[in-house]
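Take a look at the structure set out below.
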Amino acid sequence: MRVVVAMSGGVDSSVAAALMAEAGHDVIGVTLKQWEDGDGNLPTAGCCTVGDAEDARRVAAQLDIPYYVLDYVDEFRAAVVEPFGNSYLAGQTPNPCVECNRTVRFQALLERTAELGAEVLATGHYARVVQDPDGYALRRGVDPGKDQSYVLHMLNQDQLARIQLPVGELTKPEVRDHAARLGLRTAAKPDSQEICFVGDANYRDFLAEHFPETVRPGPIVDMAGTTIGSHRGTAGFTVGQRRGLGLAVRQPRFVVEIDAATSTVVVGDRGDLLAGGCEVRDVSFVSGRPPASPAVEVKVRYRSRPVAARLEAVQGRWLVRFDEAQAAIAPGQAAVFYDGDRVLGGGTIERSLP
Amino acid sequence: MERLRDVFGNPSGVHGVSRMAKNALEEAREGAAALLGAARPSEIVFTGGGTEADNLAVAGAALAGGGRGHVVVSAVEHKAVLESAAFVERLGAPVTRVAVDHLGLVDPDDVAAATTGDTAVVSVMLANNETGAIQPLADIAGALRTANPSTLLHTDAVQAFISEQVDVAGLGVDLLSLAAHKFGGPKGVGLLYVRDGVRLEPVVHGGSQEMGRRAGTGNPMGVVAMVAAMEATVADRQAFRDRVGAARDGFEHRLAADVPGLAVNGPADRRLVQHSHLRFPGHTSETLLIRFDQAGLAAAAGSACQSGAVEVSHVLAAMGMGATEAAEAIRFSFGWTTVPEDVELAAKIVLGVVEDLA
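Keeping their order, the protein sequence lines are chains Z and E. Position in the first sequence (from 1) plus 64 gives the number in the numbering used here. Position in the second sequence (from 1) plus 58 gives the number in the numbering used here.
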């Protein structure tokens, strides 16, 4: 079977490529060029750098598989970076990895996979694609600390039929063991933490450079509407944020709401953060249809525990009602529905509900 | 290989081994001068490749005598020329980039019109390294002599030398670059023809090697190999033209019958015989190149960026081609080792992939 492996130059996708090659598949390694500096070159710091592409190339050479760099700069800018900026402009907190997976990785690259004569696209994500009697299931990765099923919630049956995620069956230490066993140069490479196109820079600096409209000063007000401070731009804030408010107050204050239209940041105490639910847009379900039971678990940010909730469709809109009120529901983040370790689907949080 | 011992020494030394190397280097210089129609061997400056030769010509002429002379280049030059021009521009030298027509050809009158009394150098390539388009260089030389006789004319003949006659007097150029690996010599060796009396600021500083024009210990082994390849190229050029031209034409003929909308980029009747630059409407070159590579056919598109991704070609952009069309273009190259069976196989691979993607 011919397989395209998306190689970022990190250890996970290096091992994914190695495992597919070891399994006897005809593997083609590709790195997506997603972002470039003003001079048209890859960044030299952070993720997605020249060094990362070089690591991927060297790993591919070691595995004796063909390797190509594909130019997705235009698609990435339109589908990921522009919405990233626009989301902040709207006072929300985007998850660019979700948009990249939705539009670039598992749409454009999946189409390209077929054009290259390959049946399967493999990536280094920590999640599992499992074939069930009634179709393909997307499950959490085996390593709970590394599980990335959250950013893959938009995948559908057609996509899952053509995707393999070999490292999802492994823990991170096992992945590094494989890399060490194979002598891959990426075996000890640190995990990337930052947003790939922002690199080592602060995302606020990135926004200021590429979306200068996000730098619009405004007031910080309390729940009563009284101005108690000022800020340099709403893009610097996320709902639930406590640090960096610059307020001289005794009690802890949290960002409760961001009103981009008036460039106002509303702060309150811990109790003000609690929400009974949220409205979710762009909802999709892995199986192609909503779950039979409205009782689900929902994850409202990448690093949070799933909580019990009920899923309701009201006049064409999807509402999530938490069994217990949840703090810091940030519009723009993904709400992902689970049944145990199985991903049911998900969407983007539009707003919190009382 | 029997000459290896002759080229072991440092040609700048004062002992016997050095003299042998120096002798080999100077013999090679005489050979290169004769093959290019240069007036004297001292007009040949050996360099570390074509890029360095282009840099010495463009930056060297613009900066000669401590000046910041005006530079005129065509928009489709190799990056070695364009980036040299950009470099002297950053140092304060004015630079004019002359547009080309939709075939990628430069109008000699446009070149002449772009020059002023302060123009230090005009650089127009003999033939384009992507499309193979052959520029009307003798006409450019003529127009330039009328408009501004003191302006130097440089041509990058790197791509053309293997299949086009290159005679510096006939072309009317003052400076001409070659790179050995483009005609069967080793990589990392090249030369710049510098007409006697032309003033150039060196771009590599150090010792007084190469008549003070290019510092650094000479590379007798590389130079001897390059000039041997030059001799063979000149001797076999007509046979190369006949054979490779027939192979290229046969390949294009075969594809044209079965690929809808296939188009030649550049001037079909005025291009190097070894180039076939084609547009496959509805197909992106990125996909085609990978499919071809998987099938054992090596082709190219644009130029590789730092990461290895294919960049949109500045040459096609200068020809007025939109980004979508430019991304459908692929360059096939034919060489000495191409045999008719290769052409048939290559055409089969291309047609198979195109059919599979349809």
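Built from N, CA and C at the ideal position, the CB exists for glycine as well.
Please determine if the stretch 99-107 of chain E and the stretch 263-280 of chain E are in contact, where contact requires at least 3 C-beta pairs separated by less than 8 angstroms. yes
So the alpha helix (DSSP H) Z:Gln305 belongs to, where does it begin and stop? Counting along the chain, Z:Gln305 falls outside any alpha helix (DSSP H), and DSSP gives it neither H nor E.
Relative to the C-alpha of E:Gly255, which candidate in E:Ala170, E:Ala119, E:Gly360 has its C-alpha closest? E:Ala119
Is the shortest distance between the beta-carbon of E:Ile348 and the beta-carbons of chain Z less than 8 angstroms? yes
Within-8 angstroms CB hit, Z:Cys111 to chain E: For Z:Cys111, the pLDDT reaches just 49, beneath the cut-off of 50, and the residue's location in the model is therefore unreliable, although a value from the coordinates is still provided. Answer no: the Cβ-Cβ gap between Z:Cys111 and chain E never drops below 8 angstroms.
At a cut of 8 angstroms, does the stretch 149-158 of chain Z reach the stretch 267-280 of chain Z through at least three beta carbon pairs? yes
May I ask which residues mark the beginning and end of the alpha helix (DSSP H) holding Z:Gln223? 221-224
Distance CB(Z:Arg424)-CB(Z:Asp333) smaller than 8 angstroms: No answer is possible for residue 424 of chain Z: it lies beyond the span of chain Z, which begins at 65 and ends at 418.
Is the separation between the beta-carbon of Z:His189 and that of Z:Leu246 shorter than 8 angstroms? no
Could you work out which residue in E:Gly340, E:Arg306, E:Ser100, E:Asp165 is closest to E:Ala416 when comparing CA atoms only? E:Gly340
In terms of alpha-carbon separation, which member of E:Pro166, E:Leu336, E:Ala237 lies closest to E:Lys245? E:Ala237
Z:Ala142 to Z:Ile259 span [Cα, whole Å]: 16 angstroms
For E:Gly123, tell me which candidate among E:Phe309, E:Glu259, E:Phe338 has the shortest Cα-Cα distance. E:Glu259
With E:His333 and E:Gly190 assumed to form a contact (beta carbons below 8 angstroms), what rounded beta-carbon distance in angstroms separates them? About 3 angstroms separates the Cβ atoms of E:His333 and E:Gly190, confirming a contact at the 8 angstroms cut-off.
What does the Cβ neighbour count give for E:Ser343, buried or exposed, with the cut at 16 atoms within 10 Å? buried
Does the ligand FAD have even one heavy atom less than 7 angstroms from the beta-carbon of Z:Ala399? This structure lacks the ligand FAD, and indeed carries no ligand of any kind.
Let's see if you can read the secondary structure: which residues bound the beta strand (DSSP E) around E:Arg99? Reading off the sequence, residue 99 of chain E comes out as Pro, not Arg. Note, E:Pro99: premise wrong, no beta strand (DSSP E); not H, not E.
Show which residues of chain Z have a CB atom less than 7 angstroms away from the CB atom of E:Ala367. Lys97, Val133, Leu134, Asp135
Residues, ordered as in the chain, of the stretch 172-192 of chain Z that lie near chain E by beta-carbon distance below 9 angstroms: Arg176, Glu179, Leu180, Gly181
Skipping 5 residues on each side, what residues in its chain have a beta carbon closer than 8 angstroms to that of E:Val370? Gly360, Ala381, Ala384, Ala385, listed in sequence order.
Any 3 or more C-beta pairs closer than 8 angstroms across the stretch 144-154 of chain E and the stretch 122-136 of chain E: yes
Between E:His335 and E:Asn323, how many whole angstroms is the CB-CB distance? I'm expecting something under 8 angstroms. 4 angstroms
With distances taken between CB atoms, is the gap from Z:Phe148 to Z:Trp99 smaller than 8 angstroms? no
What first and last residue would you give for the alpha helix (DSSP H) that runs through Z:Cys161? 160-163
For the stretch 380-395 of chain E, enumerate the residues whose C-beta is nearer than 8 angstroms to any C-beta of chain Z, in chain order. none
Give me, in chain order, the residues of the same chain whose beta-carbon lies closer than 6 angstroms to that of E:Leu161; leave out the 5 immediate sequence neighbours on both sides. The residues are Gly324, Pro325.
For Z:Ile413, which option in Z:Gly404, Z:Arg406, Z:Gln397, Z:Phe401 has the closest C-alpha, if you only look at C-alpha atoms? Z:Gln397
Of all Cβ atoms in chain E, is any one closer than 8 angstroms to the Cβ of Z:Pro130? Contact with chain E is found for Z:Pro130, since one of that chain's Cβ atoms lies less than 8 angstroms from the residue's Cβ.
Could you tell me the distance, in whole angstroms, from the CA atom of Z:Glu376 to the CA atom of Z:Tyr214? Each residue's Cα considered, the two are about 20 angstroms apart.
Given 8 angstroms as the limit, is there contact between the stretch 226-240 of chain Z and the stretch 185-205 of chain Z, that is, 3 or more CB pairs closer than that? yes
Looking only at its own chain, which residues have a Cβ that is under 7 angstroms from the Cβ of Z:Phe261, when we skip the five neighbours before and after it? Cβ neighbours of Z:Phe261 within its own chain (closer than 7 angstroms, five residues either side excluded): Gln98, Trp99, Cys112, Val145.
Suppose you measure from the CA of Z:Gln171 to the CA of Z:Leu202; what does that come to, to the nearest Å? 17 angstroms
For E:Ala367, which option in Z:Lys253, Z:Val68, Z:Tyr136, Z:Leu248 has the closest C-alpha, if you only look at C-alpha atoms? Z:Tyr136
Considering Cα atoms alone, identify which of Z:Asp119, Z:Arg381, Z:Ala359, Z:Val344 is closest to Z:Leu248. Z:Asp119
Grab me the residues of E:Val65's own chain with a C-beta within less than 6 angstroms of its C-beta, minus the 5 sequence neighbours each way, in chain order. Ala79, Ala82, Pro278, Met279, Val282
Would you call the CB atoms of Z:Ala265 and Z:Cys342 closer than 8 angstroms? Between Z:Ala265 and Z:Cys342, the CB-CB gap reaches or exceeds 8 angstroms.
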